[in-house]
Amino acid sequence: MKLVLAVVQDKDVNRLQEALSEKEFKTTKLASSGGFLKEGNTTLMIGCEDDQVEVALEIIRDNCSQREQMVAPISPMGGNADSYIPRPVQVEVGGATVFVLPVDAFHKF
Amino acid sequence: MKLVLAVVQDKDVNRLQEALSEKEFKTTKLASSGGFLKEGNTTLMIGCEDDQVEVALEIIRDNCSQREQMVAPISPMGGNADSYIPRPVQVEVGGATVFVLPVDAFHKF
Amino acid sequence: MKLVLAVVQDKDVNRLQEALSEKEFKTTKLASSGGFLKEGNTTLMIGCEDDQVEVALEIIRDNCSQREQMVAPISPMGGNADSYIPRPVQVEVGGATVFVLPVDAFHKF
Ligand code: NI
Ligand code: NI
Ligand code: NI
Numbered sequence: 005m006k007l008v009l010a011v012v013q014d015k016d017v018n019r020l021q022e023a024l025s026e027k028e029f030k031t032t033k034l035a036s037s038g039g040f041l042k043e044g045n046t047t048l049m050i051g052c053e054d055d056q057v058e059v060a061l062e063i064i065r066d067n068c069s070q071r072e073q074m075v076a077p078i079s080p081m082g083g084n085a086d087s088y089i090p091r092p093v094q095v096e097v098g099g100a101t102v103f104v105l106p107v108d109a110f111h112k113f
Numbered sequence: 005m006k007l008v009l010a011v012v013q014d015k016d017v018n019r020l021q022e023a024l025s026e027k028e029f030k031t032t033k034l035a036s037s038g039g040f041l042k043e044g045n046t047t048l049m050i051g052c053e054d055d056q057v058e059v060a061l062e063i064i065r066d067n068c069s070q071r072e073q074m075v076a077p078i079s080p081m082g083g084n085a086d087s088y089i090p091r092p093v094q095v096e097v098g099g100a101t102v103f104v105l106p107v108d109a110f111h112k113f
Numbered sequence: 005m006k007l008v009l010a011v012v013q014d015k016d017v018n019r020l021q022e023a024l025s026e027k028e029f030k031t032t033k034l035a036s037s038g039g040f041l042k043e044g045n046t047t048l049m050i051g052c053e054d055d056q057v058e059v060a061l062e063i064i065r066d067n068c069s070q071r072e073q074m075v076a077p078i079s080p081m082g083g084n085a086d087s088y089i090p091r092p093v094q095v096e097v098g099g100a101t102v103f104v105l106p107v108d109a110f111h112k113f
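Shown next as structure tokens:
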């Protein structure tokens with residue numbers, strides 16, 4: 005048994021939980037913030053059989069990898085709107101920081 | 005030293021913390037939700053000497069095991085109230101998912 | 005790799021995170037409460053290379069050790085204000101409870 009702790013962005017967590025649940029992984033969300041990732045993250049605890057850890061990691065990678073996204077910029081406040089041509093900018097979103105912890109014993113009551 | 009992580013239902017957590025505290029276990033609550041148990045759960049971190057793990061597990065089992073409870077059902081909206089005989093229904097409450105983690109070192113400052 | 009879990013008082017957590025970040029440690033905050041310390045605490049997860057654990061522990065000790073602080077007492081409600089001489093009282097603040105957990109694998113996606 006392993007305990008996988010995955011710190012992921014809030015925007016990815018629902019999709020990740022659904023993808024894990026489809027493969028029968030059970031998860032619990034811990035409210036978390038800051039640090040490993042930009043603000044707005046969640047830490048998922050995932051209990052895993054040893055031979056399922058690679059499967060869980062692949063699901064996390066598929067759903068949460070850091071990636072670039074084009075976003076429409078906010079038009080500059082007080083600027084000359086006539087001469088301003090909005091240009092989408094690329095930002096990095098997503099990303100996951102994952103710790104696989106050994107488990108001495110696991111119980112369900 | 006072990007770190008016991010117990011995901012339990014919110015309704016059981018106060019009674020569990022009191023029972024653990026009576027036996028000198030120290031606990032910290034992490035806000036958590038979803039997954040291992042139905043909505044409304046809390047994750048307790050319990051620091052334990054190796055020879056006290058079984059005692060902690062027994063307290064968790066005694067206070068949080070999944071069990072059945074009779075609850076009065078809500079009367080059906082818009083139904084014929086005259087012919088409706090409310091009958092208590094059995095629901096499952098409680099339950100605990102517990103990970104016992106090895107600890108390399110423990111410090112208090 | 006180790007995962008350091010530090011339960012510290014809310015009042016110390018910002019200073020601690022800044023001090024850790026200056027030494028390139030990455031941290032994630034988990035919302036927590038009660039138990040190991042008086043109410044109002046936060047659990048920090050700190051991912052550490054094995055040879056950096058002592059450095060992280062020293063930073064935690066330097067920023068969060070339990071210490072005494074003089075505070076002005078609230079004047080007694082309904083007491084005789086004329087005869088009441090406020091005297092600062094010593095209270096204990098801070099403190100950290102730290103678990104160093106072994107890590108089987110660490111990934112960033
Ligand atoms: Ni195992
Ligand atoms: Ni031990
Ligand atoms: Ni290591």
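Protein chains in written order, with the working numbering: chain Y, 5 to 113; chain G, 5 to 113; chain C, 5 to 113. Every residue gets a Cβ at the ideal spot worked out from N, C-alpha and C, and that includes glycine.
Can you tell me which of F113/Y, A23/Y, H111/Y puts its alpha carbon nearest to the alpha carbon of E62/Y? A23/Y
Reducing DSSP to helix, strand and coil, say where A56/Y ends up. A small correction: the amino acid at residue 56/Y is Gln; Ala does not occupy that position in the sequence shown. Q56/Y falls in the helix class under three-state DSSP.
Chain-ordered residues of the segment 96–113 of chain G with a beta carbon less than 9 Å from chain Y: G98, G99, A100, T101, V102, F103, V104, L105, P106
Could you list which residues in chain C have their beta carbon closer than 8 Å to that of N45/Y, in chain order? T32
Can you give the Cα-Cα distance for R44/C and P90/G, rounded to whole angstroms? The amino acid occupying residue 44/C in the given sequence is Gly; Arg does not appear at that position. Those two C-alpha atoms are separated by around 45 Å.
Applying a beta-carbon distance threshold of less than 7 Å, which residues of chain C neighbour A35/G? A35
Can you tell me which of the three DSSP states Q13/G falls into? strand
Does the beta-carbon of K15/C have 16 or more other beta-carbons within 10 angstroms, so that it is buried, or is it exposed? exposed
Near-chain C residues of the segment 14–26 of chain Y (beta-carbon distance less than 8 Å), N- to C-terminal order: none
Short CB-CB distance (under 9 Å) between I50/C and chain G: no
In terms of residues, what are the limits of the beta strand (DSSP E) holding S37/G? 30–37
My understanding is that M5/G touches F110/G, with C-beta atoms under 8 Å, so please give their C-beta distance in whole angstroms. 5 Å
Taking buried to mean at least 16 other C-beta atoms within 10 Å of its own C-beta, is Q70/C buried or exposed? exposed
Does the CB of L7/C have a neighbour CB from chain Y at under 9 Å? yes
Report the rounded CA-to-CA distance for K30/Y versus A100/G, giving the unit in angstroms. 13 Å
Terminal residues of the continuous beta strand (DSSP E) containing K112/C? 109–112
Can you tell me whether A76/G is buried or exposed, with buried defined as 16 or more other CB within 10 angstroms of its CB? exposed
Can you find the residues in the same chain that come closer than 7 Å, C-beta to C-beta, to P106/Y, ignoring five residues on each side of it along the sequence? K6
Using the C-alpha atoms, what's the distance from Q56/G back to Q21/G? 16 Å
Measuring alpha carbon to alpha carbon, tell me which of D108/C, I64/C, A35/C ends up nearest G98/C. I64/C
By the three-class DSSP mapping on this structure, what secondary structure does R71/C have? strand
Straight-line Cα distance separating E96/Y from V59/G: 48 Å
Is it buried or exposed for V104/C, if we count other Cβ within 10 angstroms and need 16 for buried? buried
Closest Cβ-Cβ distance between Q70/Y and chain C: below 9 Å? yes
With hydrogens ignored, establish whether the beta-carbon of M49/G is closer than 8 Å to any heavy atom of ligand 5. Ligand 5 is not among the ligands present in this structure, which contains only ligand 1, ligand 2 and ligand 3.
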